[in-house]
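Heads up: the structure comes next, in structure tokens.
Numbering (the working numbering), first residue to last: 1 to 240.
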């Protein structure tokens with residue numbers, strides 16, 4: 001029997017868990033044992049994978065959506081996934097770095113418009129919504145169409161709920177800003193004011209740390225890529 005880790009997952013279960021999360025992030029479709037064995041070329045039988053997925057569900061890391069045979073990550077699952085990732089070692093891809101360089105080599109602008117251009121660029125590259133808070137009293141946001149264009153927003157109620165939060169952006173961010181630190185950090189569930197279906201990545205920026213940049217996406221956002229992007233953008237903003 002494989003050695004059980006402190007997080008209650010053995011090595012095989014941990015690998016399967018990561019595969020489920022990362023596959024769901026890409027596809028937004030429930031992930032089943034048959035798909036994993038076939039698509040990932042796993043050496044384990046479907047029965048073994050099915051039993052491990054059941055164990056992950058019992059640990060509340062995965063859940064069955066509706067009547068689907070596949071599983072998706074829970075909020076606890078996403079939190080556990082973040083604990084398994086070494087965020088500080090993540091590097092931005094050369095493709096993303098090139099895109100950021102293109103933004104920076106554009107027409108010279110004053111500080112405020114330059115920051116807005118950078119925020120728009122980050123929204124475009126990440127396909128998430130971006131909020132920039134100037135000195136704690138002026139809020140700029142961009143990329144809402146990225147958020148509302150995702151398939152989960154087919155439900156109009158969810159659109160209305162999230163839209164109302166953005167309409168009250170300054171008010172919602174007051175208390176949240178107290179928890180934002182000088183380095184990028186993820187906030188899930190009730191740790192942030194945008195709703196349980198969304199995840200937030202935020203950091204304070206500039207030398208005086210008076211400003212904040214915030215990325216808002218679905219719980220199935222690409223955590224690895226987004227963290228590397230945010231880290232790079234915050235480094236640029238901290239140099240201004």
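Beta carbons are placed, not taken as given, at the ideal position from N, Cα and C, and that holds for glycine.
| field | DSSP state of residue 110 mapped onto helix, strand, coil | value | Here residue 110 refers to the residue found at position 110 when the chain shown is read from its first residue. Residue 110 falls in the coil class under three-state DSSP.
| task | Have a look at 61, 28, 12, 211 and flag the residue whose alpha-carbon is nearest the alpha-carbon of residue 37. | result | The count along the chain shown starts at 1 and reaches residue 37 at position 37. Nearest C-alpha to residue 37: 12.
| Looking at the structure shown, is residue 23 part of a helix, part of a strand, or coil, going by DSSP? | Locating residue 23 in the chain shown gives position 23, counting from the first residue. Looking at residue 23 - three-state DSSP - the assignment turns out to be helix.
| task | To the nearest angstrom, report how far apart residue 203 and residue 23 are at their CA atoms. | result | Translated into the one-based positions of the chain shown, residue 203 becomes position 203. Translated into the one-based positions of the chain shown, residue 23 becomes position 23. Near 27 Å, if we compare the C-alpha coordinates of residue 23 and residue 203.
| With contact counted as at least three CB pairs below 8 Å, one residue from each stretch, are the region 142 to 157 and the region 171 to 187 in contact? | no
| request: Please state whether DSSP places residue 179 in a helix, a strand or coil. | output: The sequence position of residue 179 within the chain shown is 179, counting from 1. Residue 179: helix per DSSP, three-state reduction.
| field | Extent of the continuous beta strand (DSSP E) run through residue 187 | value | Sequence index remark: in the chain shown, residue 187 carries index 187 (1-based). 185 to 188 is the span of the beta strand (DSSP E), which, as asked, contains residue 187.
| N-terminal and C-terminal residue of the alpha helix (DSSP H) that residue 148 is part of | By one-based count along the chain shown, residue 148 stands at place 148. 144 to 148 is the extent of the alpha helix (DSSP H) around residue 148.
| said: Quick check on residue 256: buried or exposed, where buried means 16 or more other Cβ atoms within 10 Å of its Cβ? | reply: Look at the range of the chain in this structure, 1 to 240, and you will see that residue 256 is not part of it.
| query | Can the beta-carbon of residue 144 be found less than 8 Å from the beta-carbon of residue 166? | reply | Taking the chain shown and counting its residues from 1, the one referred to as residue 144 is at position 144. Taking the chain shown and counting its residues from 1, the one referred to as residue 166 is at position 166. Contact flag set, yes.
| message | Using a Cβ distance threshold of 8 Å, determine whether the region 95 to 104 contacts the region 37 to 52, with at least three qualifying pairs required. | response | no
| request: Give the single residue among 219, 124, 200 whose Cα lies nearest to the Cα of residue 151. | output: Working through the chain shown from its first residue, we reach residue 151 at position 151. The residue with the shortest Cα to Cα distance from residue 151 is 219.
| Where does residue 66 sit, in a helix, a strand or coil, going by DSSP? | Position 66 of the chain shown, counted from the first residue, corresponds to residue 66. If DSSP states are grouped into helix, strand and coil, residue 66 belongs with coil.
| field | Proximity winner among 102, 196, 210, 80, relative to residue 223 (alpha-carbon distances) | value | In the chain shown, the residue the question calls residue 223 occupies position 223. The option with the nearest alpha carbon to residue 223 is 80.
| Could you give the residue range of the alpha helix (DSSP H) that holds residue 154? | The count along the chain shown starts at 1 and reaches residue 154 at position 154. Note, residue 154: premise wrong, no alpha helix (DSSP H); not H, not E.
| task | Check whether the region 199 to 213 touches the region 121 to 139, counting contact only when three or more Cβ pairs, one atom from each stretch, lie closer than 8 Å. | result | yes
| request: Count the other C-beta atoms from every protein chain shown that fall within 10 angstroms of the C-beta of residue 109, then say buried if there are 16 or more, exposed otherwise. | output: Reading the chain shown from its first residue, position 109 is the one you call residue 109. Burial call: exposed.
| How many angstroms separate the CA atom of residue 214 from the CA atom of residue 233? | Within the chain shown, residue 214 is the residue found at index 214, counting from 1. Within the chain shown, residue 233 is the residue found at index 233, counting from 1. Whole-angstrom Cα-Cα distance: 11 Å.
| C-beta contact flag for residue 71 and residue 84 at 8 Å | The residue given as residue 71 occupies position 71 in the chain shown. The residue given as residue 84 occupies position 84 in the chain shown. Taking 8 Å as the Cβ cut-off, residue 71 and residue 84 do not qualify as a contacting pair.
| task | Kindly indicate the opening and closing residues of the alpha helix (DSSP H) around residue 49. | result | Position 49 of the chain shown, counted from the start, is the residue given in the question as residue 49. Element bounds for residue 49: 46 to 58.
| If we call anything under 8 Å between Cβ atoms a contact, is residue 69 one with residue 32? | Numbered from 1 along the chain shown, position 69 holds the residue referred to as residue 69. Numbered from 1 along the chain shown, position 32 holds the residue referred to as residue 32. Their beta carbons are under 8 Å apart, which means residue 69 touches residue 32 by this criterion.
| If we ignore side chains and look at the alpha-carbon of each, how far apart do residue 104 and residue 118 end up? | Within the chain shown, residue 104 is the residue found at index 104, counting from 1. Within the chain shown, residue 118 is the residue found at index 118, counting from 1. Computed Cα separation, rounded: 8 Å.
| message | Buried or exposed, going by whether 16 or more other CB atoms sit within 10 Å of the CB of residue 192? | response | Sequence index remark: in the chain shown, residue 192 carries index 192 (1-based). Residue 192 should be labelled buried.
| request: Could you give the DSSP three-state label for residue 209: helix, strand or coil? | output: Walking along the chain shown from the start, residue 209 turns up at place 209. In the structure shown, residue 209 sits in coil (DSSP, three-state: anything other than H, G, I, E or B).
| query | Can you check whether the CB of residue 19 is closer than 8 Å to the CB of residue 40? | reply | As a position in the chain shown, residue 40 is number 40, starting the count at 1. As a position in the chain shown, residue 19 is number 19, starting the count at 1. Closer than 8 Å, so yes.
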